[in-house]
Structure formats: structure tokens, C-alpha cells
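Visitor: Below is one structure. I have some questions about it.
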Amino acid sequence: MKNKKVIILILLVIIIIISIIVINTILKNYNEKNKLEINNSTNIFSAENKRESNETSIYSNANNTDTQQEYDNAENVNFIKGQITKMENDNIYFLDKDRKNYILYNASQKQYINGRTAENLTLNDIKVGDYIKKESDDKYMIFKNILGEELKKELLVSLSLSDNVNIMRTSVDEIKDVKQLGNNEAIATFTISDLVSSEYYPNVNDEDHIFDVKLKVNNNTKYNTNFYGVTTYNAETLENSKYLMYYIRINPSTLNKKYPEITEFDSYSN
């Protein structure tokens with residue numbers, strides 16, 4: 209009987225010890241789990257704060273970029289050319305070839321002229337993308353952002369303007385070919401180029417602003433040669449002026465003909 213009591217006591221001790229070990233193990237795992245969850249929560253909270261901080265910084269920088277965009281007053285600069293980037297609140301914004309921004313205030317109060325055809329323009333005729341050149345504080349030249357046949361037509365109109373029109377003309381670069389027709393007539397192929405070029409304006413592909421045009425000389429063409437040893441006085445001698453510089457005037461009434469007619473041909477040297 210005594211042995212039986214001893215065995216029961218030993219079993220109870222063993223059960224108590226096992227219970228203590230189990231309880232300690234459970235408590236330890238619980239504490240570690242809580243610690244891990246607290247660390248994870250802290251890390252997540254920290255990451256969220258960092259993300260929100262970055263988003264705030266990006267938003268702030270974007271706003272600063274927009275609000276701190278600098279535009280120089282166009283009226284404070286004597287010589288300026290550029291491409292129009294925005295038109296709003298009676299202001300014209302434009303960019304020069306050096307990527308500098310300008311603003312023209314009170315745009316509706318200025319005078320605008322088509323820089324190729326000399327036509328008077330209103331603010332409603334001007335579009336974003338057009339090119340602008342300052343002539344004075346109150347007068348600006350506008351070159352439409354056009355290409356192809358539409359541009360070529362305006363360049364030919366420029367060459368038909370009379371002397372009393374005070375704007376620069378289309379550049380006549382070279383005579384490429386002369387086809388004699390007889391009877392003091394010839395078809396000459398000229399290379400002409402726009403006043404809008406990458407040298408002065410941004411976003412210009414010069415190849416799009418250069419054209420070969422066929423023009424006709426005849427008995428109505430007047431010649432003037434200012435170069436020693438070269439004489440050009442009729443259609444047959446036109447090729448004598450190759451590789452010089454030129455000024456030509458086209459008869460405006462012939463602009464729609466297949467070969468617009470030259471009324472005045474000047475060749476000269478530097």
C-alpha cells in the first residue's frame with residue numbers, strides 16, 4: 209500500500225513538471241509571436257510613412273516645377289525668335305532655340321504680320337506651334353507651322369512681293385538646272401529655303417523647309433548682274449550666274465501657273 213502511494217506521488221510530480229514545461233513553452237511562443245507582430249506592424253507603419261513622404265515630395269516637386277517655371281518678358285529683349293507653346297489669358301508663351309521661355313503680355317494689343325506673305329493677322333489667326341519673331345515691342349512676325357505644298361506656296365508668294373513691302377524674302381540658294389526653250393525663254397530650277405530654320409528656331413527640320421522650284425524667264429524678265437566677268441542678260445546666258453547669289457521677283461499673277469514667271473533676276477557676289 210505504501211509503495212502504491214509513492215508511485216502516485218511520483219506520477220503527480222511528473223505531471224506537474226510536464227505541465228510547467230508545457231505552460232512555459234506556450235508562454236514563450238506567445239511572447240515571440242507578439243514581438244514579431246509588433247515588429248512587423250512597426251515596419252509596415254514605417255514603410256507607409258516613407259511612401260507617403262515620397263508621394264508628398266513628388267507632388268511638391270511637381271507643383272514647384274509648374275509654379276516656378278520662369279518666363280522672361282519678351283518686351284525686355286530686342287532680338288528674339290521662337291516657337292509658340294501656349295496661348296492663354298491674353299498672353300503668348302514661346303520657346304527659343306536655346307530652350308528659354310518667353311511670355312508676351314497683352315497679346316491682343318500687338319500687331320502681327322505673316323512673315324512670308326506680309327498679310328496682317330489677328331490673334332485668332334495664330335496657333336500654338338507657329339513661329340514668332342519680334343520686330344518691335346508692338347510688332348511681331350508670325351510664320352505658320354506648315355509644310356509641303358502649303359509652305360512652298362507661301363515661299364513663292366514671298367518672292368512675288370513688291371519693293372514697298374518691308375519684310376525679308378524667301379532665300380534663293382542656287383540655280384540647279386536651266387532648260388532652254390528658245391525665243392529667249394527658259395525653265396530654271398531654283399533651290400529656295402524658308403526663313404524659318406534650325407539656326408534661329410527650335411524644333412525645325414531644315415529639310416522640310418527647302419524646295420526645288422521650276423520658274424520661267426522670258427522677254428518680260430529684267431536682268432541685273434553685279435559680278436566682274438559674268439554677264440547674264442537673257443535666257444540663253446542665265447547659266448552664267450550659277451554659283452552666285454540671287455534676288456528674283458515673280459509675277460504675282462502667274463503664281464498658279466505650272467511655271468511661275470520671273471520679272472526680275474539679279475545675281476551678285478559678296
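Residue numbering for the sequence shown follows my numbering, starting at 209 and increasing by one per position.
From the three backbone atoms N, C-alpha and C, an ideal C-beta is built for every residue, glycine too.
According to DSSP, simplified to helix, strand and coil, what is N284?
Guide: Three-state DSSP puts N284 in a helix.
Visitor: Tell me which residue opens and which closes the beta strand (DSSP E) that K289 is part of.
Guide: Residues K289 to E296.
Visitor: Kindly indicate the opening and closing residues of the alpha helix (DSSP H) around S366.
Guide: G356 to S366 is the extent of the alpha helix (DSSP H) around S366.
Visitor: When you compare each of L446, L331, N434 and N413 to I300 by their alpha carbons, which one comes out closest?
Guide: Here the closest residue by C-alpha is L331.
Visitor: Quick one: is T433 buried, meaning 16 or more other Cβ sit within 10 Å of its Cβ, or exposed?
Guide: It is buried - the Cβ of T433 has at least 16 other Cβ atoms within 10 Å.
Visitor: Can you grab the Cα-Cα spacing for the pair I470 / N426, in whole Å?
Guide: Going from the Cα of I470 to the Cα of N426 covers about 8 Å.
Visitor: Between which two residues does the beta strand (DSSP E) carrying M453 extend?
Guide: Counting along the chain, the beta strand (DSSP E) containing M453 begins and ends at M453 to I458.
Visitor: Any chance you could list the beta strand (DSSP E) runs of at least 3 consecutive residues sitting entirely within the region 393–477, in chain order?
Guide: Those beta strand (DSSP E) runs which fall completely within the region 393–477 and span 3+ residues are 393–401, 418–425, 430–434, 453–458 and 470–476.
Visitor: Comparing C-alpha positions only, which one of I334, K387 and Y339 sits nearest to Y408?
Guide: It is Y339.
Visitor: What number of angstroms, rounded off, separates the C-alpha of N411 from the C-alpha of V404?
Guide: C-alpha separation (whole angstroms): 10 Å.
Visitor: From the DSSP secondary-structure annotation, give me the bridge partner or partners of G390.
Guide: Beta-bridge pairing links G390 to E393.
Visitor: Could you spell out the range, first to last residue, of the beta strand (DSSP E) harbouring M376?
Guide: Unbroken run through M376: none, as it is neither H nor E.
Visitor: Cα separation between L312 and S401?
Guide: If you take the alpha carbons of L312 and S401, they lie about 28 Å apart.
Visitor: Figure out for me which residue from K387, E283, D385 and L355 has the closest Cα to the Cα of K341.
Guide: Nearest of K387, E283, D385 and L355 to K341, Cα basis: E283.
Visitor: Just the Cα atoms here: how many angstroms apart are A270 and N413?
Guide: For A270, the predicted structure reports a pLDDT of 34, less than 50, and the residue's modelled location is therefore unreliable. The matter cannot be settled from this model.
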